[in-house]
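Numbering-wise, the sequence shown is residues 905 to 1747 according to our numbering. C-beta atoms are modelled at their ideal positions from N, C-alpha and C, and glycine is treated no differently. On a predicted model such as this, the values are computed, not experimentally measured, just so you know.
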Amino acid sequence: MSSFRVTLLRYINLLWTYLARGFRYAGQAVQAGWAHPRVAAARARALSWAKQHPRRLALISLAGLVWLCCLPGTLFQDPVSTVLLDRKGTFLGARIAADGQWRFPALDTVPARFAQCLITFEDKRFYYHPGIDPVALVRAISQNIRGRDVISGGSTITMQVIRLARKGKARTIWEKLVEMFLATRLDAGWRKADILALYASHAPFGGNVVGLEAAAWKYYGRSPDQLSWAEAATLAVLPNAPGLINPGKNRDLLLSKRNRLLSRLLADGTVDSTTYQTSLLEDLPGEPLALPSWAPHLLEQVHRDRPQGARQARVVSTLNASLQQRATEALTRYHTLLSQNGIDNMAAVIAEVGTGDVVAYVGNAPCESAGQGCEVDIIQAPRSTGSILKPFLYAAMLDNGELLPDMLWPDIPSYYAGFTPANYDRTYSGAIPAHQALARSLNVPIVRMLQYHGIPRFYGQLKRLGMTTLFRPADDYGLTLVLGGAEGTLWEVAGMYAGMMRTAAFFQTYNGRYDPAAFRPLNYLQRRSTGPLKGFEAMRRLVRQSPISASAAWLTLDAMIRVNRPEAESNWEYFNSSARIAWKTGTSFGFRDAWAVGCTPRYVVAVWAGNADGEGRPGLIGTAAAAPLMFELFSLLGNSREWVPMPFDEMTRVPVCRQSGHLAAAICPDPDSVWIPLAGQKTTSCPYHRLIHLDPTGTYQVNSHCETPDNMRHSAYFVLPPAQEAYYRDRNPDYLPVPPYRNDCLQEVGNRLLSMDLIYPKQHTRVYIPTKLDGTQSQVVFEAAHRNTEAIIFWHLDEQYMGQTSGQHQLAFRPTPGVHTLTLVDQQGEVLVREFEVFLKDN
905 MSSFRVTLLR
915 YINLLWTYLA
925 RGFRYAGQAV
935 QAGWAHPRVA
945 AARARALSWA
955 KQHPRRLALI
965 SLAGLVWLCC
975 LPGTLFQDPV
985 STVLLDRKGT
995 FLGARIAADG
1005 QWRFPALDTV
1015 PARFAQCLIT
1025 FEDKRFYYHP
1035 GIDPVALVRA
1045 ISQNIRGRDV
1055 ISGGSTITMQ
1065 VIRLARKGKA
1075 RTIWEKLVEM
1085 FLATRLDAGW
1095 RKADILALYA
1105 SHAPFGGNVV
1115 GLEAAAWKYY
1125 GRSPDQLSWA
1135 EAATLAVLPN
1145 APGLINPGKN
1155 RDLLLSKRNR
1165 LLSRLLADGT
1175 VDSTTYQTSL
1185 LEDLPGEPLA
1195 LPSWAPHLLE
1205 QVHRDRPQGA
1215 RQARVVSTLN
1225 ASLQQRATEA
1235 LTRYHTLLSQ
1245 NGIDNMAAVI
1255 AEVGTGDVVA
1265 YVGNAPCESA
1275 GQGCEVDIIQ
1285 APRSTGSILK
1295 PFLYAAMLDN
1305 GELLPDMLWP
1315 DIPSYYAGFT
1325 PANYDRTYSG
1335 AIPAHQALAR
1345 SLNVPIVRML
1355 QYHGIPRFYG
1365 QLKRLGMTTL
1375 FRPADDYGLT
1385 LVLGGAEGTL
1395 WEVAGMYAGM
1405 MRTAAFFQTY
1415 NGRYDPAAFR
1425 PLNYLQRRST
1435 GPLKGFEAMR
1445 RLVRQSPISA
1455 SAAWLTLDAM
1465 IRVNRPEAES
1475 NWEYFNSSAR
1485 IAWKTGTSFG
1495 FRDAWAVGCT
1505 PRYVVAVWAG
1515 NADGEGRPGL
1525 IGTAAAAPLM
1535 FELFSLLGNS
1545 REWVPMPFDE
1555 MTRVPVCRQS
1565 GHLAAAICPD
1575 PDSVWIPLAG
1585 QKTTSCPYHR
1595 LIHLDPTGTY
1605 QVNSHCETPD
1615 NMRHSAYFVL
1625 PPAQEAYYRD
1635 RNPDYLPVPP
1645 YRNDCLQEVG
1655 NRLLSMDLIY
1665 PKQHTRVYIP
1675 TKLDGTQSQV
1685 VFEAAHRNTE
1695 AIIFWHLDEQ
1705 YMGQTSGQHQ
1715 LAFRPTPGVH
1725 TLTLVDQQGE
1735 VLVREFEVFL
1745 KDN
């Protein structure tokens, strides 16, 4: 609605109010005796005058209408500072107004001390006059005539409000008359308390400080309602002569004016003698102070989010001022240590799981020098995600019946077109349970999971969970999507983890249903805060499906609890006071980004460390650079060991193979009974246990061509593929390899297990060989695995003998560009043939 229409409606409403009041008074007059002779005579005289002087009546009516409509709808339209408050109204920081003034949004009320000081100093009959004070005007005129100069203006506080609103007007007699006319109208339509608030919000307090609230923070570092009598008196006299606040100038005059005001307060009984004496001892303010700045990056975010042209800029956030300060101090302390390694930036966000409300927002660490990127709000900046997205792949595969928590996944050197993932420590386990792969953040098995699950499916899942930074097609990211090939923000990642915890935590509260907004962005505005659904709203909005089911969320969080904590947190699980935290770290390629995100049923904490310009640094890894701060922030929240209950309605108890983690097959010895998601029943039964036929001694494998069935012993063996077995048996001494075939049984090879496997290159692999700076071709390292640790493998390339290996089967040579055939033969005569193609590429 336009300002003109607002003004017009306001005046129509005011006119109606006056008419209603007049009718009410008229009714009272009638009841008191409208027909009384004197009243009747007065009425007759008035009607007679109106008939005799119609022009005068019209002029008076016009003047009344002008007076009624003389004020604009909004007295002040100056730009104001953006002010950020915590959830309880505690001041966190402010941003200067567009015109370069520290002008806070208008106050609703004025603190009693300042109001009393102001009225005593400026307008002692403020509550009794109609906007102008005739006594003060007569006194001012008399003083000015005697002094032959403008000594006193006789202005009331109401007149000063009008003068402040009419900026730039010359101080003439005509302007004074206009102010008086407008002041009577303001006094008639506004409450006295509102007029005081207008004055306190727009009066000048020296320099670029406008308004009481800005002055209180700039000169005393506290809010107006915390001012002492001496401080309130100082600020009360300043608008009358704001230049007195300049340090080193007019200090004696300012002190004298303040003390005279204090003596008047003592004389009229407002303060006692003790307060008066102690107030006289208080110093005047010095240089203007820097405003508190506990959440500068959130303040900038709030300012950017304000609608264009919006004037209301007092924003109540969801932050907790005390926690915000302690989180900032903790981050600053850790940043000091990291900066010694050239790591200049750090950020952290803490939010409540149930509501999604942010309680601490530290967008970046303070900088010691320019050029360190401290102005960048890292929380909102897209950064390489490293391994921080792995839990969401794990949960998606649980929901799709593609894995069980203890199911083995290959952990061996793996090669894909143009991409070779490797574990952080460059070691391999051969095969590892899925939950351990997540807990240890192993890249190789997780990449195999993504290949099995499908890149487009995981890409779509991330978008459904709230990740908006995926701006390229899914295939452009490829398998690196789960290892940091995509960028995400700390804000969105924290919201995704909170959504997963929220899904599990409220499953029972919602009687097995889901909040469709469980995965939603975090919130920092108090007016947008929402808690768990209750009553009719819950019945109306809850649904039966979620992007992540409660069972998958619970099992994923359970796996994340088992993550080894940083060295400083060693043996944490043995202390009853330790909080149960599901957490995950991430490190981007080139040591550019270090992540740590953890959650409990109550809070989610997300931390990032690195350099805003993307410079990598040695040792910049999630567990070392980000996780320690994350755990300290959790310690600020209390060490609660509460945890979410298992969602039994979405789970079933089934027998699984103890060694493979798959659903137990008939030949699996001693299966274990575990809880799995309902979708997990679709997974395959154990593929690793095989029935092996042994000779009577149990020493060798046999078959029907070399041994009669009556003399065979049949035993179930846990058998991994050769490449996995080669690494697995080194870490699992109890692994029993399959006995070799007896010599007289080797002629029949159709039923025996392959003993060899080629780790690199796989069948029909494209091998890209870089060219050195001197133009020569680099070598390629080929690798194989054999079940027999003492086996010898003979290598042939295109039927040309290249050499033999034993123990560790690796051989390096330079194949020419084109298609080649690699043939491996062991001493038992087993043959393995693979084809691959070689391409040369320049560095």
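Original post:
Buried or exposed: where does GLU1233 fall if 16 or more other Cβ atoms within 10 Å of its Cβ makes it buried?
Top reply: Position 329 of the sequence shown, counted from the start, is the residue given in the question as residue 1233. Exposed, since its Cβ has fewer than 16 Cβ neighbours within 10 Å.
Original post:
Can you give the Cα-Cα distance for PRO1643 and ARG1344, rounded to whole angstroms?
Top reply: By 1-based counting over the sequence shown, the position of residue 1643 is 739. By 1-based counting over the sequence shown, the position of residue 1344 is 440. The straight-line gap from Cα to Cα measures roughly 33 Å.
**OP:** Please say whether LEU1726 and PHE1740 have beta carbons closer to each other than 8 Å?
**Re:** Within the sequence shown, residue 1740 is the residue found at index 836, counting from 1. Within the sequence shown, residue 1726 is the residue found at index 822, counting from 1. Taking 8 Å as the Cβ cut-off, PHE1740 and LEU1726 qualify as a contacting pair.
Subject >> Rounded distance between the beta-carbons of ALA1463 and VAL1342, thought under 8 Å >> reply: Numbered from 1 along the sequence shown, position 438 holds the residue referred to as residue 1342. Numbered from 1 along the sequence shown, position 559 holds the residue referred to as residue 1463. Per the sequence presented here, residue 1342 reads as Leu, with Val not at that position. At roughly 5 Å, the Cβ-Cβ gap stays under 8 Å, so LEU1342 and ALA1463 are in contact.
Original post:
LEU1223 and TYR1265 look like a contact to me (Cβ under 8 Å); what is the Cβ gap, rounded to whole Å?
Top reply: For this step, residue 1223 is matched to residue 319 along the sequence shown. For this step, residue 1265 is matched to residue 361 along the sequence shown. Yes, they are in contact, since the Cβ atoms of LEU1223 and TYR1265 sit about 6 Å apart, within 8 Å.
**OP:** Measuring alpha carbon to alpha carbon, tell me which of GLU1079, HIS1033, VAL1114 ends up nearest TRP1006.
**Re:** Here residue 1006 refers to the residue found at position 102 when the sequence shown is read from its first residue. Nearest of GLU1079, HIS1033, VAL1114 to TRP1006, Cα basis: VAL1114.
**OP:** Please classify THR1725: does DSSP put it in a helix, a strand, or coil?
**Re:** Here the question's residue 1725 lines up with position 821 in the sequence shown. Strand at THR1725.
Original post:
What are the complete beta strand (DSSP E) segments, minimum 3 residues, inside the segment 1573 to 1633?
Top reply: 1576 to 1581, 1593 to 1598, 1617 to 1622
Original post:
What beta strand (DSSP E) runs, 3 residues minimum, are completely inside the segment 1058 to 1118?
Top reply: For the segment 1058 to 1118, not a single whole beta strand (DSSP E) run of length 3 or above is found.
**OP:** Determine contact between the segment 1007 to 1023 and the segment 985 to 992, defined as no fewer than three beta-carbon pairs at a distance below 8 Å.
**Re:** Verdict: yes, contact present.
Subject >> Which residues DSSP lists as bridging TYR1265, in chain order >> reply: Counting from one through the sequence shown, the residue named residue 1265 turns up at place 361. According to DSSP, which records beta bridges pairwise, TYR1265 is partnered with VAL1253.
Subject >> Straight-line Cα distance separating PRO1721 from ALA1530 >> reply: Stepping through the sequence shown from its first residue, residue 1530 is reached at position 626. Stepping through the sequence shown from its first residue, residue 1721 is reached at position 817. Approximately 46 Å between the Cα atoms of the pair.
Original post:
Just how far apart, CA to CA, sit MET1555 and HIS1597?
Top reply: Numbered from 1 along the sequence shown, position 651 holds the residue referred to as residue 1555. Numbered from 1 along the sequence shown, position 693 holds the residue referred to as residue 1597. In a straight line, the C-alpha of MET1555 is about 38 Å away from that of HIS1597.
Original post:
Does the Cβ of ASP1614 have 16 or more other Cβ atoms within 10 Å, making it buried, or fewer, making it exposed?
Top reply: Within the sequence shown, the letter at position 710 stands for residue 1614. It is exposed - the Cβ of ASP1614 has fewer than 16 other Cβ atoms within 10 Å.
Subject >> C-alpha distance - VAL1729 paired with HIS1593, whole-angstrom precision >> reply: The residue you call residue 1729 lines up with position 825 of the sequence shown. The residue you call residue 1593 lines up with position 689 of the sequence shown. Whole-angstrom Cα-Cα distance: 27 Å.
Original post:
Among the residues of its own chain, which have a CB less than 6 Å from the CB of ALA1486, if the five just before and after it don't count?
Top reply: Taking the sequence shown and counting its residues from 1, the one referred to as residue 1486 is at position 582. Result list for ALA1486: LEU1461, MET1464, ILE1465, CYS1503, in chain order.
**OP:** State whether the segment 1189 to 1198 contacts the segment 990 to 999, with contact taken as three or more CB pairs (one from each stretch) at a distance under 8 Å.
**Re:** yes
Subject >> Counted within 10 angstroms of its Cβ, other Cβ atoms place GLN1563 as buried (16 or more) or exposed >> reply: Working through the sequence shown from its first residue, we reach residue 1563 at position 659. The residue in question, GLN1563, is buried, as its Cβ has 16 or more Cβ neighbours within 10 Å.
Original post:
Which class does GLY1565 belong to by DSSP, given the choice of helix, strand or coil?
Top reply: Translated into the one-based positions of the sequence shown, residue 1565 becomes position 661. GLY1565 falls in the coil class under three-state DSSP.
Original post:
From LYS1161 to ALA1001, what does the alpha carbon distance come to, in whole angstroms?
Top reply: For the purposes of this step, residue 1161 is taken as residue 257 along the sequence shown, with counting starting at 1. For the purposes of this step, residue 1001 is taken as residue 97 along the sequence shown, with counting starting at 1. C-alpha separation (whole angstroms): 30 Å.
Original post:
Among the residues of its own chain, which have a CB less than 7 Å from the CB of ILE1571, if the five just before and after it don't count?
Top reply: One-based indexing of the sequence shown puts residue 1571 at position 667. Non-local C-beta neighbours of ILE1571 in its own chain, meaning closer than 7 Å and more than five positions away in sequence, comprise HIS1593, LEU1595, ALA1620, ordered along the chain.
Original post:
Is the number of C-beta pairs between the segment 1420 to 1428 and the segment 1316 to 1332 that are closer than 8 Å three or more?
Top reply: They do not touch, by the three-pair rule.
Original post:
TYR1298: buried (16+ other C-beta within 10 angstroms of its C-beta) or exposed?
Top reply: Position 394 of the sequence shown holds residue 1298. By the 10 Å Cβ count, TYR1298 comes out buried.
Subject >> Own chain residues within Cβ distance below 6 Å of PRO1419, not counting five before or after >> reply: Here residue 1419 refers to the residue found at position 515 when the sequence shown is read from its first residue. The sequence shown places Asp at residue 1419, not Pro. Closer than 6 Å at Cβ, skipping near neighbours: LEU1437.
**OP:** With a 10 Å radius around its C-beta and 16 neighbouring C-beta atoms as the bar for buried, classify ILE1703 as buried or exposed.
**Re:** Stepping through the sequence shown from its first residue, residue 1703 is reached at position 799. One point to set straight first is that residue 1703 is Glu, not Ile, in the sequence displayed. By the 10 Å Cβ count, GLU1703 comes out exposed.
**OP:** Can you give me the Cβ contacts of GLN1412 inside the same chain, cut-off strictly under 8 Å, excluding the 5 residues immediately before and after it?
**Re:** Looking up residue 1412 in the sequence shown gives position 508. Within the same chain, GLN1412 has close Cβ partners PRO1549, PRO1551.
Original post:
Relative to the C-alpha of PHE1109, which residue among ARG1237, TYR1123, ASP1098, ARG1376 is closest?
Top reply: Stepping through the sequence shown from its first residue, residue 1109 is reached at position 205. Looking at the Cα atoms, TYR1123 is the closest of the given residues.
Original post:
Can you pull the DSSP bridge partners for MET1555?
Top reply: On the sequence shown, position 651 is the one that residue 1555 refers to. Note: MET1555 sits in a beta bridge opposite PRO1581.
**OP:** Flag this pair as yes or no: are the beta carbons of VAL1253 and LEU1394 separated by less than 8 Å?
**Re:** Against the sequence shown, residue 1253 aligns to sequence position 349. Against the sequence shown, residue 1394 aligns to sequence position 490. Yes, these two residues count as a Cβ contact at 8 Å.
Original post:
Starting from ALA1335 and walking both ways along the beta strand (DSSP E), at which residues does that stretch end?
Top reply: Counted from its first residue, the sequence shown places residue 1335 at position 431. Element bounds for ALA1335: 1334 to 1337.
Subject >> Of the residues ASN1163, THR1489, TRP1499, the one placed nearest LEU1142, counting alpha carbons only >> reply: One-based indexing of the sequence shown puts residue 1142 at position 238. Measuring from the Cα of LEU1142, the nearest candidate turns out to be ASN1163.
**OP:** Report the residue from ALA1120, VAL1175, MET1250 whose alpha carbon sits nearest the alpha carbon of LEU1188.
**Re:** For the purposes of this step, residue 1188 is identified with residue 284 of the sequence shown, where counting begins at 1. Considering only alpha carbons, the answer is ALA1120.
Original post:
Rounded C-beta distance between LEU1169 and THR1060? I'm assuming under 8 Å.
Top reply: Here residue 1169 refers to the residue found at position 265 when the sequence shown is read from its first residue. Here residue 1060 refers to the residue found at position 156 when the sequence shown is read from its first residue. Actually they do not touch by this definition, with Cβ atoms about 20 Å apart.
Original post:
Can you tell me the Cα-Cα spacing of GLN1430 and GLN1205, whole angstroms?
Top reply: Here residue 1430 corresponds to residue number 526 of the sequence shown, with the count starting at 1. Here residue 1205 corresponds to residue number 301 of the sequence shown, with the count starting at 1. Each residue's alpha carbon lies about 15 Å from the other.
Original post:
Which residues in the same chain have their Cβ closer than 6 Å to the Cβ of ALA1472, if we skip the five residues on either side of it in sequence?
Top reply: Here the question's residue 1472 lines up with position 568 in the sequence shown. Low local confidence applies: a pLDDT of 47 at ALA1472 is under 50, so the model's placement there is unreliable, with the coordinate-based value given in what follows. Apart from sequence neighbours up to five positions away, the residues of its chain that approach ALA1472 with a beta-carbon distance below 6 Å are PRO1532, ordered along the chain.
Original post:
For TRP1078, is the classification buried or exposed, using 16 other Cβ atoms within 10 angstroms of its Cβ as the cut-off for buried?
Top reply: Along the sequence shown, one-based indexing puts residue 1078 at 174. The residue in question, TRP1078, is exposed, as its Cβ has fewer than 16 Cβ neighbours within 10 Å.
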